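All remarks here apply to the structure that follows.
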Amino acid sequence: MYKRILLLCDLEGVNNVVGVPYEGLAKGTEQWEIARRQAALELNAAADALYEAGAEEVALWDNHGGGGNMELADLDRRITAVQPTGPRLSFAAGAYDCVCFFGYHAMEGTLGGVLAHTMNSKALQYYKWNGRYIGEVDMDSAIAASHGMPSCFFAGGDIACAQARRSVEGIVTVVTKKELARNQAVFRDNGELLAEIREKIKEAVQKPIVPNCIRFPGVMEKSFKRVEDAAAYLSRLRAGGIEAEYPDDEILGKDAHTVTAKVGDMDTYIRCI
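This note's numbering puts the sequence shown at residues -11 to 261.
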């Protein structure tokens, strides 16, 4: 069994939340308040089950909108809150045995995905790795794997769960809600949901999983909604010594919304996010 577990917490994928049309899940809004309290219930159920199963440490990375969403008073006192430093998930290197996802969501452009987006719903169209669409679960599971931490468990909407299973071989999933549209879902009974989280997360940390490490070199493709943002991103990558360019297009000549970058290692991968 994995003894030191890091819980990664976003908010859009928890039960009882669909957001508001044309808006994200911004701090201080009514839907954000519901989301963070629901997240606490799901995290607490997981933590209690993990300690019951023999875990030595359960830590939390609260990462929605840069963190600061969860009230410590709402969380199981045995959960250790972590304050990230350095590149994404680098703070976890060597400190934990595996990671588990809560509240993560479907990637940008997903039909029916509740509050679907990738990193920034206002600015970005999509990310691709070697020509394949990727979302936040792909990114964080790859970074975790580079630190020797497999991704064991995922709790989110049914569409998000399907994407997680596609991205991470062997991951155990729990559906928090049936996703119907960007701001529409069928919610689950919380009692049944929390009981399933308790059961499945125990199962998830019992079986050894080989981390799904990505192979280098590769190509990161990032597409923006505004060409000005793409231009600024391209300049930043080039200034940092990363080989990047606009892709060719038979009609446009160059696609000014999109930048492709050659990636040779995990550090560059993170810099390209």
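Backbone N, C-alpha and C define an ideal beta-carbon position, used for all residues, glycine too. None of these values were measured; they are calculated from a predicted model.
Subject >> Same chain, Cβ closer than 8 Å to residue 255, neighbours up to 5 away in sequence not counted >> reply: In the sequence shown, counting from the first residue as 1, residue 255 sits at position 267. Excluding positions up to five away in sequence, the list reads 75.
Original post:
For residue 79, does the three-state DSSP call read helix, strand or coil?
Top reply: As a first step, residue 79 is located in the sequence shown; it is residue number 91 there, counting from the start. Residue state, collapsed to three classes: helix.
Original post:
Per the contact definition of three or more C-beta pairs closer than 8 Å, is the stretch 35 to 47 in contact with the stretch 198 to 207?
Top reply: no
Original post:
Which of the three DSSP states, helix, strand or coil, is assigned to residue 107?
Top reply: Position 119 of the sequence shown holds residue 107. Here residue 107 sits in coil by DSSP.
Subject >> Environment of residue 262 [buried if 16+ CB atoms lie within 10 Å] >> reply: Given that the chain is displayed from residue -11 to residue 261, the structure contains no residue 262 and the question cannot be resolved.
**OP:** Please state whether DSSP places residue 166 in a helix, a strand or coil.
**Re:** Along the sequence shown, read from residue 1 onward, the residue named residue 166 stands at position 178. Strand.
Subject >> Span separating the alpha-carbon of residue 201 from that of residue 19 >> reply: By one-based count along the sequence shown, residue 201 stands at place 213. By one-based count along the sequence shown, residue 19 stands at place 31. Distance between the alpha carbons of residue 201 and residue 19: 35 Å.
**OP:** Tell me, please, which residues DSSP counts as bridged to residue 208.
**Re:** In the sequence shown, counting from the first residue as 1, residue 208 sits at position 220. For residue 208, which the question treats as bridged, DSSP gives the partners 117, 249.
Original post:
Near residue 166, which residues of its chain fall below 7 Å by C-beta distance, leaving aside the five closest residues on each side in sequence?
Top reply: Within the sequence shown, residue 166 is the residue found at index 178, counting from 1. Excluding positions up to five away in sequence, the list reads 146, 173, 174.
Original post:
Apart from the five residues on each side of it in sequence, which residues of its chain come closer than 6 Å, Cβ to Cβ, to residue 188?
Top reply: Locating residue 188 in the sequence shown gives position 200, counting from the first residue. Excluding residues within five positions, the ones whose Cβ falls inside 6 Å are 160, 162.
Subject >> For residue 210 and residue 115, believed in contact at Cβ under 8 Å, the rounded distance >> reply: The residue you call residue 115 lines up with position 127 of the sequence shown. The residue you call residue 210 lines up with position 222 of the sequence shown. That belief holds up - the Cβ atoms of residue 115 and residue 210 are roughly 5 Å apart, short of 8 Å.
**OP:** Run the CB neighbour count on residue 263, radius 10 Å, all protein chains shown included, and call it buried at 16 or more, exposed below.
**Re:** Outside the shown range of the chain (-11 to 261) lies residue 263, about which nothing can therefore be said.
Subject >> Opposing strand residues paired with residue 45 [DSSP bridges] >> reply: Residue mapping note: residue 45 aligns to position 57 of the sequence shown, counting from 1. Residue 45 pairs with -8.
Original post:
Below 8 Å, can you find three or more Cβ-Cβ pairs linking the stretch -2 to 7 to the stretch 48 to 66?
Top reply: yes
**OP:** Leaving aside the five residues before and after residue 191 along the sequence, list all residues of the same chain whose C-beta is less than 8 Å from its C-beta, in chain order.
**Re:** What you label residue 191 is simply residue 203 of the sequence shown in a count that begins at 1. So the list reads 160, once near-sequence residues are dropped.
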